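Protein chains in written order, with this note's numbering: chain A, 1 to 302; chain B, 1 to 279.
The beta-carbon is built from N, C-alpha and C at its ideal position, and this holds for glycine as well.
Keep in mind it's a predicted model, so treat the numbers as computed, not measured.
To keep things clear, I will list the structure first and then write my remarks on it.
Take a look at the structure:
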């Protein structure tokens, strides 16, 4: 591609400022999603490199004057041409610049609207669920609790929890095992392995409660198997079943936010649970693989 | 497929035509000429359709056109289905039942769209296999292979987003699994899943988002890429099969006898300097 007879110095020299400018814009976009400090750093990078770029384009650059000052005729010709095309070049650059600004002004808000709502917490707040009096949960026995997380949105928010009353801990605090039914392999509904006592089925405030003799939990999709504490005992899951935070208000069992569990040592009221921010199914929360997922699931930490 | 520009004896044939026939032809061709003079579209259409192709091509080279036809069937049936489909959790399932059970010929159009989706993907794979096995991805057609791969990815994305729309249990749980597979991607995975379902679980936003992706964004991308794909096919020509006795591709005058495309036998420079194909 090289044409020696036209090999003249590039005037002005190719600028690296646009690359820094682009990196700054990228930092701003990432910062909008991840954190405010990154946003500020990105904005600073953008401003600095943008200023340098603009100065480079329109200012008297030392390279330019040095090149046109050279006495060789070829460069002198280039200088003459430069004088003649200055207006055209300026208009081209102005058209590109103004067009780019208008385009960015239209595109960025639209892109933001398309992408950002998924990340700033819209639609990911979980509501507390009232499962009714704790007397409905016999000690040492699992109960399948099925409820609508958001009755306004209907069936699509139907969730299932496996609740076991463990009595009281050594510190005399009520203890419940509160497993979320979604498999931590890829999110299918886990089933309790054991007979369901349909006779004892009851409905409390729209929550369906069915006692079950569950020795383990199995997933119908890909064969994941969990023991009675939610620990993975076989199959593809990478951690233990997710659990709910819970509280007791006026004698009622209230389910709160979900969290992820690395593994559980011990059983029942003596269980020691390694607790992590809620992660998507299939995502490691502990071990060496957790380094592949450095960012907590959006909305899980707020 | 290949029409000769001129043929020995055509002029003699024209001379024998009756005056009346020539007048009729002039009347028929007048609107075509009118459009051509004002747009040049007739020339472009000829450039697109009336191309020279290797003499030993076979049905194997029709798989691309078959994929295109399958996509057009999906596009047309999809538009008609959108007349009756309601992308809202409360009514999506019922509207699909309505299409299948109540709307006249709805069962047929929905069936065409459902089974046609698989046909489209399968034909793209066959087309890809033909291109690979015939070596038709080699210079200068690498870019067209890349565009084809993007088309395959977009086609699969169409399948993924379309699968949720019937809003039955299969659709719901398959999409749960599909989104969570996305989430297992290192570093970007959770962001991707978060974008796709717009929350920590599939909800109403997921359905309308998948609907918009399925019928606006992805088909638009596919149409644009098909345009590029076809442009490159016309520009670069059809590759002759590996067992072809003649060298493939258009003459490249600047390299004295070498040809574009798949080169098997170095062709001797023709004495008159004319190629046997015009691309």
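Checking 8 Å against the spacing of the C-beta atoms, do residue 211 of chain A and residue 138 of chain A come in under that value?
Start at 1 with the first residue of the first chain, and residue 211 of chain A comes out as number 211. Start at 1 with the first residue of the first chain, and residue 138 of chain A comes out as number 138. Yes. Within cutoff.
Quick one: Cα of residue 46 of chain B to Cα of residue 132 of chain B, how far?
Numbered from its first residue, the second chain carries residue 46 of chain B at position 46. Numbered from its first residue, the second chain carries residue 132 of chain B at position 132. So the alpha carbons of these two residues sit roughly 29 Å apart.
Quick one: give me the first and last residue of the alpha helix (DSSP H) that residue 56 of chain A is part of.
Sequence index remark: in the first chain, residue 56 of chain A carries index 56 (1-based). From DSSP, the alpha helix (DSSP H) with residue 56 of chain A extends over 36-58.
Since residue 261 of chain A sits in a beta bridge, which residues does DSSP pair it with?
Position 261 of the first chain, counted from the first residue, corresponds to residue 261 of chain A. Paired residues: A:240 and A:275.
Along chain C, which residues have their Cβ under 8 Å away from the Cβ of residue 177 of chain B?
In the structure shown, chain C does not exist; the protein chains are A and B.
Interface flag, residue 61 of chain B vs chain A, CB-CB below 8 Å
Within the second chain, numbered from 1, the residue matching residue 61 of chain B stands at position 61. False, the Cβ-Cβ gap to chain A never drops below 8 Å.
Less than 8 Å between CB atoms is the rule here; does residue 163 of chain A satisfy it with respect to chain B?
Looking up residue 163 of chain A in the first chain gives position 163. Not one chain B Cβ lies under 8 Å of residue 163 of chain A.
Please report how far the alpha carbon of residue 78 of chain B lies from the alpha carbon of residue 254 of chain A, in whole angstroms.
By 1-based counting over the second chain, the position of residue 78 of chain B is 78. By 1-based counting over the first chain, the position of residue 254 of chain A is 254. Their Cα atoms are separated by approximately 46 Å.
Decide if residue 205 of chain A is buried, meaning its Cβ has at least 16 other Cβ atoms within 10 Å, or exposed.
Translated into positions along the first chain, residue 205 of chain A becomes position 205. When all chains shown are included, residue 205 of chain A counts as exposed.
How is residue 194 of chain B classed by DSSP in three states: helix, strand or coil?
Here the question's residue 194 of chain B lines up with position 194 in the second chain. Helix at residue 194 of chain B.
Whether or not the segment 176-190 of chain A and the segment 272-284 of chain A are in contact is what I'm after, with contact meaning three or more pairs of Cβ atoms, one per stretch, closer than 8 Å; do they touch?
yes
State the beta-bridge partners of residue 249 of chain A as determined by DSSP.
Position 249 of the first chain holds residue 249 of chain A. DSSP output for residue 249 of chain A lists A:252 as bridge partner(s).
In three-state DSSP terms, what is residue 37 of chain B?
Here the question's residue 37 of chain B lines up with position 37 in the second chain. Residue 37 of chain B: helix per DSSP, three-state reduction.
Boundaries (first-last residue) of the alpha helix (DSSP H) holding residue 97 of chain B:
Indexing the second chain from 1 puts residue 97 of chain B at position 97. Counting along the chain, the alpha helix (DSSP H) containing residue 97 of chain B begins and ends at 92-101.
Selected residue, minimal CA-CA separation from residue 270 of chain A, among A:144, A:288 and A:167
By 1-based counting over the first chain, the position of residue 270 of chain A is 270. The shortest C-alpha separation from residue 270 of chain A is found at A:167.
7 Å Cβ shell around residue 180 of chain B - same chain, five flanking residues per side excluded
As a first step, residue 180 of chain B must be located in the second chain, where it is residue number 180. Excluding residues within five positions, the ones whose Cβ falls inside 7 Å are 193.
For the structure I just gave you, are there three or more beta carbon pairs, one from the segment 162-178 of chain B and one from the segment 195-209 of chain B, closer than 8 Å?
yes
What are the residues in the segment 110-121 of chain A lying within 8 Å of chain B by C-beta distance?
115, 117, 118 and 119
Validate contact between the segment 217-233 of chain B and the segment 111-126 of chain B using beta carbons, cut 8 Å, 3 pairs:
no
Select from A:119, A:171 and A:294 the residue whose C-alpha is nearest the C-alpha of residue 33 of chain A.
Along the first chain, read from residue 1 onward, the residue named residue 33 of chain A stands at position 33. The residue with the shortest Cα to Cα distance from residue 33 of chain A is A:119.
Nearest chain B C-beta to residue 107 of chain A closer than 8 Å, yes or no?
Taking the first residue of the first chain as 1, we reach residue 107 of chain A at position 107. It does not: the Cβ of residue 107 of chain A has no partner Cβ on chain B nearer than 8 Å.
Short Cβ contact (8 Å threshold) for residue 193 of chain A with residue 223 of chain A:
Counting from one through the first chain, the residue named residue 193 of chain A turns up at place 193. Counting from one through the first chain, the residue named residue 223 of chain A turns up at place 223. Cβ distance not < 8 Å, so residue 193 of chain A and residue 223 of chain A don't count as in contact.
In the DSSP assignment, find the beta strand (DSSP E) that holds residue 217 of chain A and state where it starts and stops.
In the first chain, the residue the question calls residue 217 of chain A occupies position 217. Run containing residue 217 of chain A: 216-218, per the beta strand (DSSP E) assignment.
So with Cβ pairs under 8 Å, would you call residue 169 of chain B a contact of chain A?
Position 169 of the second chain, counted from the start, is the residue given in the question as residue 169 of chain B. Judged by the 8 Å Cβ criterion, residue 169 of chain B is not in contact with chain A.
Rank A:238, A:235 and A:215 by C-alpha distance to the C-alpha of residue 267 of chain A and give the top, closest one.
On the first chain, residue 267 of chain A is found 267 positions in, with the first residue counted as 1. Checking every option, the nearest Cα to that of residue 267 of chain A belongs to A:215.
If you measure beta-carbon to beta-carbon, which residues of the segment 190-206 of chain B are closer than 9 Å to chain A?
190, 191, 193, 194, 195, 196, 197, 198, 199, 200, 201, 202, 203, 204, 205 and 206
Measuring alpha carbon to alpha carbon, tell me which of B:49, B:37 and B:173 ends up nearest residue 230 of chain B.
Translated into positions along the second chain, residue 230 of chain B becomes position 230. Of the listed residues, the one whose Cα sits closest to residue 230 of chain B is B:49.
Between which two residues does the beta strand (DSSP E) carrying residue 202 of chain A extend?
As a working note, residue 202 of chain A is residue 202 in the first chain. Unbroken beta strand (DSSP E) run through residue 202 of chain A: 202-204.
What did DSSP end up calling residue 166 of chain A once you bin it into helix, strand or coil?
Residue numbering aside, residue 166 of chain A sits at position 166 when the first chain is read from its first letter. In the structure shown, residue 166 of chain A sits in a strand (DSSP, three-state: E or B).
Which class does residue 168 of chain B belong to by DSSP, given the choice of helix, strand or coil?
Position 168 of the second chain, counted from the start, is the residue given in the question as residue 168 of chain B. Reduced to three states, the DSSP call for residue 168 of chain B is coil.
How big is the Cα-Cα spacing for residue 29 of chain B and residue 37 of chain B?
Taking the second chain and counting its residues from 1, one reaches residue 29 of chain B at position 29. Taking the second chain and counting its residues from 1, one reaches residue 37 of chain B at position 37. Near 12 Å, if we compare the C-alpha coordinates of residue 37 of chain B and residue 29 of chain B.
Just mark residue 177 of chain A as buried or exposed, buried being the case when its beta carbon has 16 or more other beta carbons within 10 Å.
Mapped onto the first chain, residue 177 of chain A falls at position 177. Flag for residue 177 of chain A reads buried.
In the DSSP assignment, what residue or residues form a beta bridge with residue 211 of chain A?
Looking up residue 211 of chain A in the first chain gives position 211. Beta-bridge pairing links residue 211 of chain A to A:143.
From the DSSP output, which residues share a beta bridge with residue 231 of chain A?
The count along the first chain starts at 1 and reaches residue 231 of chain A at position 231. Residue 231 of chain A pairs with nothing; no bridge assigned.
Per DSSP, the bridge partner or partners of residue 182 of chain A:
Position 182 of the first chain, counted from the first residue, corresponds to residue 182 of chain A. Answer is A:189, bridged to residue 182 of chain A.
So with CB distances below 8 Å, who are the chain B contacts of residue 157 of chain A?
The residue given as residue 157 of chain A occupies position 157 in the first chain. Correct list: 201 and 203.
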